[in-house]
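Chains as they are written, first to last, in my numbering: chain A, 225 to 499; chain B, 7 to 195.
For glycine and all other residues, C-beta sits at the position ideal for the given N, C-alpha and C.
One structure is given below, encoded as structure tokens.
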């Protein structure tokens with residue numbers, strides 16, 4: 225594991241580095257405080273802490289990658305372009321065309337591609353040495369993206385169906401339901417307009433939050449038990465850390481995929497004809 | 007103790023579902039940057055190349071297909087022409103055969119006609135000759151017989167008319183006898 229002596233624990237790390245088993249201090253489990261970072265510096269009154277810096281560096285990384293891959297594309301692609309094309313094609317065909325369809329979906333491709341790679345890279349920070357913090361486990365990040373998608377699909381619904389049509393779309397209006405129709409409409413209204421953006425954001429946030437918690441727990445335990453006989457336990461904990469990191473790599477892709485898949489499903493629901 | 011102190015210190019912003027505004031703003035700006043670059047610059051650029059590649063590949067396939075189609079068309083044309091030529095040849099042959107047959111029949115008819123003409127002419131000639139010969143013979147035989155009879159009886163039978171009648175009667179008698187004999191022969195057969 226990468227363990228750098230922290231310049232300041234409040235800025236970089238989620239735990240104290242001078243505490244070991246048998247040295248008279250208790251185990252400090254990771255908790256909500258592991259997701260709060262003191263500002264490292266501030267420019268013009270705006271405080272930059274670790275998640276914000278990671279978000280910015282991640283943004284640069286994505287732009288750099290796609291710039292290198294796609295800026296001067298060749299008919300016979302180089303390695304970087306090939307990788308970029310594979311990722312792009314996966315989202316375009318596997319997600320957008322599959323859900324929205326090729327004709328209507330084409331103009332949402334850039335948004336969905338950007339969303340997927342943004343979310344994925346922000347998730348990926350969780351396992352990158354020195355960073356080791358998923359930016360998406362700060363609720364603001366997935367919430368901002370989910371709100372963006374929310375505004376988009378609600379706007380699209382109004383644009384496509386008009387006010388009455390949009391209302392029917394949101395409430396799942398269906399005459400054949402008979403007497404339960406009012407109940408269904410109320411439930412659907414809450415489910416679609418109020419709960420949906422929240423669950424969209426929380427799904428990603430909670431997965432990354434919990435994943436980071438697990439990785440942090442085993443990492444801290446490995447460090448904490450690295451003293452005397454505790455080393456034996458430490459090894460077990462270290463193995464678990466590696467396993468959890470591998471698992472996290474998997475979850476990160478899945479969650480990014482689910483996020484954009486839901487985005488496409490919402491857009492498709494907004495574009496669908498009334499029936 | 008340490009943990010408790012840390013918790014106490016950071017208790018205020020600890021509900022993880024209350025989003026810190028700076029992160030919200032930065033997150034959206036960061037995403038906007040990524041989106042903008044992909045949307046305006048990089049995805050159109052790669053789309054162009056993907057389209058070109060698709061055309062390069064499918065263009066090749068299309069070209070091959072077109073060539074194949076053309077080949078098939080040419081083959082069909084060729085076959086059509088061949089069968090047309092065969093039909094034409096068969097037709098010509100049949101026509102020639104017909105014409106030949108007609109020609110032969112015509113020639114045969116012509117030959118037949120000429121033969122009949124020749125035969126008829128021959129018959130007429132023979133008849134005329136026979137008549138002439140019979141005439142001459144009759145005169146000569148009459149003269150000879152008269153001369154002979156005159157010499158025999160010593161008296162010249164000068165009376166021409168009488169003489170002629172006698173001779174004719176004699177000759178007719180001869181002819182009747184010959185005919186009767188021929189008829190008897192024909193009946194016997």
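Taking a Cβ-Cβ threshold of 9 Å, the residues of chain A close to residue 62 (chain B) are 299, in chain order. Secondary structure of residue 266 (chain A) (DSSP, three-state): strand.
Shown here, residue 483 (chain A) sits in a helix according to DSSP, grouped into three states. Taking one beta carbon from each stretch, the region 375-389 of chain A and the region 441-450 of chain A have fewer than 3 pairs nearer than 8 Å; the two do not touch. The Cβ atoms of residue 408 (chain A) and residue 389 (chain A) lie no closer than 8 Å to each other. With respect to the 8 Å criterion, residue 428 (chain A) and residue 323 (chain A) are not classified as neighbours on the basis of their beta carbons. From the beta-carbon of residue 68 (chain B), no residue of chain A is found nearer than 7 Å; the closest lies around 17 Å away.
Rounded to the nearest angstrom, the Cβ distance from residue 334 (chain A) to residue 41 (chain B) is 7 Å, consistent with a contact under 8 Å.
Taken through DSSP and simplified to helix, strand or coil, residue 242 (chain A) comes out as coil.
Rounded to whole angstroms, the gap between the alpha carbons of residue 461 (chain A) and residue 487 (chain A) is 38 Å. In this structure, DSSP gives residue 153 (chain B) a helical state, which the three-state scheme calls helix.
Per DSSP, reduced to three states, the secondary structure at residue 261 (chain A) is coil, with no helix or strand assignment. What residue 333 (chain A) touches in chain B, judged by beta-carbon distance under 8 Å, is 49, going in chain order. In the three-state scheme derived from DSSP, where H, G and I count as helix and E and B as strand, residue 251 (chain A) is classed as coil.
Contact between the region 355-368 of chain A and the region 299-318 of chain A is absent, with fewer than three C-beta pairs closer than 8 Å.
Interface criterion met: the Cβ of residue 36 (chain B) is under 8 Å from a Cβ in chain A. Under the three-state reduction of DSSP, residue 272 (chain A) is assigned to strand. Taking 8 Å as the upper bound for CB-CB distance, residue 368 (chain A) and residue 34 (chain B) are in contact here, some 4 Å apart. Residue 57 (chain B) is outside the set of residues whose beta carbon lies under 8 Å from a beta carbon in chain A.
Excluding residues up to 5 positions away in sequence, 359 lie with their Cβ nearer than 6 Å to the Cβ of residue 279 (chain A) in the same chain. The Cβ atoms of residue 290 (chain A) and residue 44 (chain B) lie closer than 8 Å to each other. Look at residue 65 (chain B): its C-beta is not under 8 Å from any C-beta on chain A. As the crow flies, the alpha-carbon of residue 62 (chain B) is around 14 Å from that of residue 71 (chain B).
Put simply, the backbone Cα of residue 132 (chain B) is about 20 Å away from that of residue 184 (chain B).
If you look at residue 366 (chain A), you'll find it in the alpha helix (DSSP H) that goes 364-395.
For residue 317 (chain A), no alpha helix (DSSP H) segment is defined, and its DSSP state is neither H nor E.
For residue 307 (chain A), the closest of A:344, A:471, A:294 and A:450 by C-alpha to C-alpha distance is A:294.
When rounded, the separation of the alpha-carbon atoms in residue 107 (chain B) and residue 119 (chain B) is 18 Å. Nearest to residue 339 (chain A) by C-alpha distance, out of A:283, A:277, A:325 and A:305, is A:283. Of all residues in the region 351-364 of chain A, only 362, 363 and 364 come within less than 7 Å of chain B when Cβ atoms are compared, listed by chain position. Among the residues of the region 65-95 of chain B, none has a Cβ less than 8 Å away from any Cβ of chain A. Closest in alpha carbon position to residue 433 (chain A), among A:260, A:393, A:310 and A:242, is A:260.
Cβ contact annotation for residue 361 (chain A) (same chain, cutoff 7 Å, sequence separation greater than five): 259, 429, 432, 433 and 436, in chain order. Listed along the chain, the chain B residues whose CB falls inside 8 Å of the CB of residue 309 (chain A) are 52 and 56.
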